[in-house]
Amino acid sequence: MLRIQTFVFSLLLGLELPKAKANCNFTESQRHCVCSLEANNFIQCLPATTYELRGGNLEQFAGSSGIKPNSQITDILEALLVRKLIFTDLIVPEVLVPGSLQFLSYTQVSELEFVNCTFLRAAPWSLSGWRDLKVSSLRFHKVTAAPLDDRLNMSRLRRWLETLQNLTVTESQVTSVPCEISKMFTSLHLLDVSGNNFQDQTMKSTFCEGVFPQLQILKLHHNNLTSFETVCKTLGHLKMLTHLDLSQNNFQPRVFSSSCTWPHSLQIFNLSSTGLEQIGSSLPPNIKILDLSANNIFTLDFSLPALKELYLSKNRLQTVPSLDRLPSLQVLSLDQNQISQLPSNHLLRLQSLKAGHNLYNCSCSRDIQDLAAKPSLLPDWPQDYTCHSPLNYQGSLVKNAHFSSLQCKALVTRGSIFNLLICLHLVFLFAFSATISGHFISAILNCWDSSGN
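In mature numbering (1 follows the signal peptide of the UniProt record, and there is no 0), the protein residues as written are -22 to -1, 1 to 431.
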């Protein structure tokens, strides 16, 4: 909160300031009041629970940095209804911050936000004689400030930072947080550092051993992470972590088995838009929600007994993955892949299935229509299900495709004959071999079984 001292709270109290030319805008339904530095009708903001100061340069108030609240002011501050303060499009001398925090300590404000602000480093902080803050949620979005390495001596802030529960620093070009500062956030439940410049190696100082012991939600969306295993090793000690968002990073395309172990507490895992092509057994064992959408995945090979929701939209799947090793699955998203058929036998047990915008073969669409007959199973039916083949059905809705049992049988028969021809080819290939191995015989038998005989 910047420079609020007598300033922002004077705004709330309706005191006139120099150059007052504009009005405040109070939205009664949301109890949200927005004022500019030049506003003069602040009295209407008294009923607000959310107060926003928007636009301007607070350098003109830098001379008020030493002002302390007297008993009359503190009584008024304690009576204010405001619970959330937002500062938008401001230039803020850091010398104003300590005094503003002192004024804040007399209010009931629990949420503090800075949006598109520039912090000017003018003087060291002095925090003597201030009370505990009630602010439990702190958010910075698109802010510019000196590197955090210059603020290692933050011991006077420790008592407050140890109680902070939610911290958001997004799109602010942050590359890392010094380990000594990270260790102060002993009660943090949510940390969102999306849209910054974290890399595999710079992550190690931010998430050094012993930091964030209570962290449950971590969002690292849209950073510069490339190594799935390095990230796993860096975050493996966060034993309370339940929700991890790594979406929109650029991981290596193929992730197989790994020596790293993710926190067993992890239940929600977002790996969408990360460039993955294959992913093996390197996933947290107890996750319930897994988002792998918007990748290049063409095959799946993992066992997740607790998984309830799996999102695979916008990939390269040509067939529906087997659900045999996903016994708890209830929600499956397969839309915008390259799938031609939906086998109803193991999909009917789902509660929700999104599979529109695929390359459906409508010569035999019985399975899809069987799935559609189950109430609420296909939320995007019928509008997102169109025929890709044969040519005479192309572009038509699957629900309008006419098929017969004879057509379906013909398709199955042709497939069986094709598999049988492959088996016969194998037989003739080895017919003149002196020795036919047990492995070869087994392969022929498996091939014969797959042909439907």
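For each residue, glycine too, the CB sits at the ideal point set by N, CA and C.
Note that the coordinates shown come from a computational prediction; the quantities given were computed from them, not determined experimentally.
- Burial is judged here by how many other beta carbons sit within 10 angstroms of a residue's own beta carbon; Lys217 has fewer than 16 and is exposed.
- Judged by DSSP secondary structure, Cys210 falls within the alpha helix (DSSP H) whose first and last residues are 206 to 213.
- For Met181, the closest alpha carbon among the candidates Lys197, Val87, Ala284 is that of Lys197.
- Considering only Asn94, Glu91, Asp67, Asn48, the residue with the shortest C-alpha distance to Gly77 is Asn48.
- Relative to the Cα of Leu290, the nearest Cα in the group Ser251, His167, Phe206, Val113 belongs to Ser251.
- When DSSP states are grouped into helix, strand and coil, Phe163 belongs to the coil group.
- Closest option to Arg327, judged by alpha-carbon separation, among Asn336, Val75, Asp348: Asp348.
- When rounded, the separation of the alpha-carbon atoms in Leu142 and Phe118 is 14 Å.
- DSSP places Thr184 in the helix class (H, G or I) of the three-state scheme.
- In the DSSP assignment, Thr96 falls within the unbroken beta strand (DSSP E) covering 96 to 98.
- In this structure, Asn227 sits near Asn201, with a CB-CB distance shorter than 8 Å.
- Taking a C-beta distance under 8 Å as the contact criterion, Gln316 and Leu295 qualify as a contact pair.
- Residue burial is scored here from C-beta neighbours: Ser225 has at least 16 other C-beta atoms within 10 angstroms and is therefore classed as buried.
- In terms of Cβ geometry, Pro71 and Ala26 do not form a close pair [threshold 8 Å].
- Following the DSSP letters along the chain, one finds Arg344 inside the alpha helix (DSSP H) bounded by residues 344 to 350.
- In this chain, the beta strand (DSSP E) harbouring Gly34 covers 28 to 35.
- Residue environment analysis places Thr28 among the buried positions, since at least 16 neighbouring C-beta atoms fall within 10 angstroms of its C-beta.
- Taking 8 Å as the cut-off, the Cβ atoms of Glu37 and Val12 do not count as close.
- Thr208 and Asp178 have their alpha carbons spaced roughly 6 Å apart.
- Taking the CA atoms as reference points, Asp345 sits about 56 Å from Cys95.
- Distance between Asn370 and Trp359, taken at the CA atoms: about 21 Å.
- An exposed status is given to Glu56, since fewer than 16 other beta-carbon atoms sit within 10 Å of its beta-carbon.
- Of Leu355, Leu325, Phe229, the smallest CA-CA separation from Thr204 is found for Phe229.
- Here His221 is near Ile246, since their CB atoms are less than 8 Å apart.
- Counting every other CB atom within 10 Å of its CB across the protein chains shown gives Glu91 a total of 16 or more, marking it as buried.
- By the Cβ-count criterion, Ala272 is buried, with 16 or more other Cβ atoms from all chains shown falling within 10 Å of its own Cβ.
- With a 10 Å radius around the Cβ and a threshold of 16 neighbouring Cβ atoms, Gly188 comes out exposed.
- Look at Cys2 here: in three-state DSSP terms it is coil, with no helix or strand label.
- DSSP, reduced to helix, strand and coil, places Thr141 outside both helices and strands of the structure shown, so it counts as coil.
- In this structure Ala333 touches Leu312 by the C-beta definition: roughly 4 Å separates them, less than 8 Å.
- Leu82 and Leu59 have their C-alpha atoms roughly 13 Å apart.
- Inter-residue distance for Val147 and Phe97 is about 14 Å (C-alpha atoms, whole angstroms).
- In terms of Cα proximity to Tyr84, the closest of Lys161, Leu301, Arg109 is Arg109.
- Here DSSP, grouped into helix, strand and coil, assigns Val93 to strand.
- Beta bridge pairing from DSSP links Val309 with Glu287, Ser330.
- Per DSSP, Thr66 is one residue of the beta strand (DSSP E) stretching across 62 to 71.
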